[in-house]
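Q:
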Amino acid sequence: MDARLQIRVQRYGWDAAAPHYEAGWQKGLLPAQQTLISMAGLEHGQQIIETACGSGLVTRMLSEAVGQTGSVLATDLAQKMVDATDALGLRNVRTARMGAEALDADDASFDRAVSALGLMYSPDPQAAISEMHRVLRPGGRAVATVWGERRKCGWAEVFPIVDKNVQSEVCPMFFATGAPGGLRRDFEQAGFRDIKEVRQSETLEYANARDLLDAVLLGGPVALAIKRFDEQTMQDVSEEFLASVADHLVDGAYRIPGEFVTVAGRR
Numbered sequence: 544m545d546a547r548l549q550i551r552v553q554r555y556g557w558d559a560a561a562p563h564y565e566a567g568w569q570k571g572l573l574p575a576q577q578t579l580i581s582m583a584g585l586e587h588g589q590q591i592i593e594t595a596c597g598s599g600l601v602t603r604m605l606s607e608a609v610g611q612t613g614s615v616l617a618t619d620l621a622q623k624m625v626d627a628t629d630a631l632g633l634r635n636v637r638t639a640r641m642g643a644e645a646l647d648a649d650d651a652s653f654d655r656a657v658s659a660l661g662l663m664y665s666p667d668p669q670a671a672i673s674e675m676h677r678v679l680r681p682g683g684r685a686v687a688t689v690w691g692e693r694r695k696c697g698w699a700e701v702f703p704i705v706d707k708n709v710q711s712e713v714c715p716m717f718f719a720t721g722a723p724g725g726l727r728r729d730f731e732q733a734g735f736r737d738i739k740e741v742r743q744s745e746t747l748e749y750a751n752a753r754d755l756l757d758a759v760l761l762g763g764p765v766a767l768a769i770k771r772f773d774e775q776t777m778q779d780v781s782e783e784f785l786a787s788v789a790d791h792l793v794d795g796a797y798r799i800p801g802e803f804v805t806v807a808g809r810r
C-alpha cells in the first residue's frame, strides 16, 4: 500500500476509534505497558518523547515517573487521540499531532523515546525507530512495545474477516514487527546498542461478547472500515468474528490470548 494512504487510514481510523479505545483496551494492555515503563529506566527530571500516545494511557505513567522537574512530549497521528491526552491536564505534558516517521523535534533533545503499541501501524517502522534514535541524546534510551506473533494473538482473524466485506487498507504488515527478531533487528539497523528484548504472553479478558466487539471492532485498528458497514454487514462480521474466538469463551466471558514484544536500546 502507498505510505501516504496508510498514514491517512491510520489518522482517520484512530480518530474513529478514540471514543471506544480506553474502555476496550486499558485493562488488557496494562501488563505490556508496565514492561515498557520498567525497561525505560525513568527518573525524575528527564525529558521524554512519546510516539503514538493514543489516549494517554502510557503518558500518565511517564508524567508521574519524571515528576514536575521533567517533561513529556506526547505525539500521535490522530487529532482526537491527541485531544484525549491533552484533556488529562497533566502539567508536565505537552501534546502535538505528528507522525512517528518524521518527528518535529531537534536532534539529541530527549533522554528517553518510547512507543507503546504504535509501530505496528506505521508504513515504515524502521523510519520511526530511526527518528527515535535521532532525537535522543547520547546515552539516551528508546523503548517500544508491539504485538507479537500472529499465531499467538487470539483476535487476529478480525483483519481478514473485515477485509472480505470492505477493504480496510489497515496494517498490511501488522504482525511483522512482532515476528521473532523483527523489532530487535529494526533497533540494530537504527544504530542502537545494548539492546534487550522481552516477549510476554498475556490474556485479555472481556466479560461478554458486546464488550469484546466494542473493543476489537469499534475501538481497534479496523474502526474506520466498520464505519462503512451497513447494519446487516455489521451483524455478519460480528458473528463471524465471535465464531473465530469461540475457543476462548469460558462461562460466558472471553479470555483472548495475546503476545507482546518490548525492545529497549541505547543510543
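Take the position in the sequence shown, starting the count at 1, then add 543; the result is the number in the numbering used here.
We put the CB at the ideal spot given by N, CA and C, even for glycine.
These figures come from a predicted structure and were not determined experimentally.
#1: Ser598 lies in the beta strand (DSSP E); which residues open and close that run?
#2: What is the DSSP secondary structure of Trp698, counted as helix, strand or coil?
#3: Do Gly599 and Ala566 count as a contact pair if the criterion is CB distance below 9 Å?
#4: Which stretch, first to last residue, makes up the alpha helix (DSSP H) that contains Leu756?
#5: Closer than 7 Å by C-beta to His587: which residues in its own chain qualify, once you throw out the five before and the five after it? Chain order, please.
#6: Using a beta-carbon distance below 9 Å, is Val701 in contact with chain C?
#7: Taking buried to mean at least 16 other C-beta atoms within 10 Å of its own C-beta, is Arg637 buried or exposed?
#8: Mind checking who Lys770 pairs with in its DSSP beta bridge?
#9: Could you tell me if Lys623 is buried or exposed, where buried requires 16 or more neighbouring beta carbons within 10 angstroms of its beta carbon?
#10: Since Ala656 contacts Asp647 with CB under 8 Å, what's their CB separation in whole angstroms?
#11: My assumption, with CB atoms under 8 Å, is that Phe735 sits in contact with Arg634. Please give the rounded CB distance.
#12: DSSP three-state call for Thr746: helix, strand or coil?
#13: For Asp667, which residues in the same chain have their Cβ closer than 6 Å to its Cβ, ignoring the five residues on either side in sequence?
#14: Can you tell me whether Ser658 is buried or exposed, with buried defined as 16 or more other CB within 10 angstroms of its CB?
#15: On the DSSP letters alone, give me the boundaries of the alpha helix (DSSP H) that Gly610 sits inside.
#16: Need the endpoints of the alpha helix (DSSP H) that Arg727 sits in, please.
A: On the basis of the coordinates in this document:
#1: Careful: Ser598 lies outside any beta strand (DSSP E) and carries neither H nor E.
#2: coil
#3: no
#4: Ala752 to Leu756
#5: Val609, Gly610, Thr612 and Gly613
#6: Reference to chain C is not applicable here, since this structure consists of a single protein chain.
#7: exposed
#8: Paired residues: none, contrary to the question.
#9: buried
#10: Not confirmed; about 14 Å, so no contact.
#11: At roughly 31 Å, the Cβ-Cβ gap does not stay under 8 Å, so Phe735 and Arg634 are not in contact.
#12: strand
#13: Glu644
#14: buried
#15: Taken as a continuous stretch (DSSP letters only), Gly610 belongs to no alpha helix (DSSP H), as it is neither H nor E.
#16: Gly725 to Ala733
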